[in-house]
Amino acid sequence: MTFDYAAVKHLHVAAAAVSLALFVLRGCWMLAAPDMLRRGWVRVVPHVVDTLLLASALWLLWQIGPGAGAWLTAKVAGLVVYVAAGIIALRGGKTRGMRIAAFVFALATFGYIVSVAVTKSPLGFLAPVVRL
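Count the sequence shown with our numbering and you get residues 95 to 226, in order.
Rendered as structure tokens:
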């Protein structure tokens with residue numbers, strides 16, 4: 095079976111958007127209605143979406159090949175930071191303030207990851223914009 099690169103890339107982008115939306119929803123529930131986080135679908139669906147996101151990322155990486163460079167390394171490093179901050183935000187923060195700070199930091203990290211993907215630069219949104 096063959097997969098079209100563009101189709102898998104669209105799946106990856108869509109999964110990233112849904113993953114972000116679910117993270118924001120769970121973050122809002124963490125602040126306003128923590129009991130919602132115990133619902134069955136809330137404990138399953140984000141993991142299914144994140145698995146699709148990771149699987150599509152690995153497939154795209156395989157298609158791009160080993161010469162992709164530093165921007166992919168930056169995305170992976172950003173992903174590790176995002177996951178760690180997300181765990182603190184949704185489960186591990188000892189205080190409400192710590193959870194809020196981790197939530198905001200996770201969102202900023204997600205923004206960085208997207209900017210690295212768009213610019214293909216490890217600097218992401220910090221990379222200079224060159225206009226021709």
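Quick reminder that beta carbons are idealized off the backbone N, C-alpha and C, glycines included.
Quantities reported herein were computed from a predicted structural model and do not represent experimental measurements.
- Between the C-alpha atoms of GLY172 and VAL112 there is a straight-line separation of about 18 Å.
- Looking at the backbone, the Cα of ILE158 and that of LEU220 are separated by about 24 Å.
- When C-alpha distances from ALA108 are compared across ASP144, ARG137, VAL138, the shortest belongs to ASP144.
- Taking C-alpha positions only, MET130 is separated from THR167 by approximately 35 Å.
- Its Cα nearest to that of VAL210, the residue VAL170 stands out among GLY186, VAL174, ARG120, VAL170.
- By the 16-neighbour rule on beta-carbons within 10 angstroms, MET124 is buried.
- Between LEU146 and LEU105, the CB-CB gap stays under 9 Å.
- Distance from the CA atom of LEU148 to the CA atom of ALA200, rounded to whole angstroms, is 17 Å.
- If you draw a straight line from the Cα of TYR176 to the Cα of THR203, it comes to about 6 Å.
- Here VAL102 is actually not in contact with TRP165; their C-beta atoms are around 18 Å apart, not less than 8 Å.
- Following the DSSP letters along the chain, one finds LEU201 inside the alpha helix (DSSP H) bounded by residues 190-213.
- MET124: member of the alpha helix (DSSP H) spanning 99-126, first to last residue.
- In this structure, LEU114 sits away from VAL139, with a CB-CB distance that is not shorter than 9 Å.
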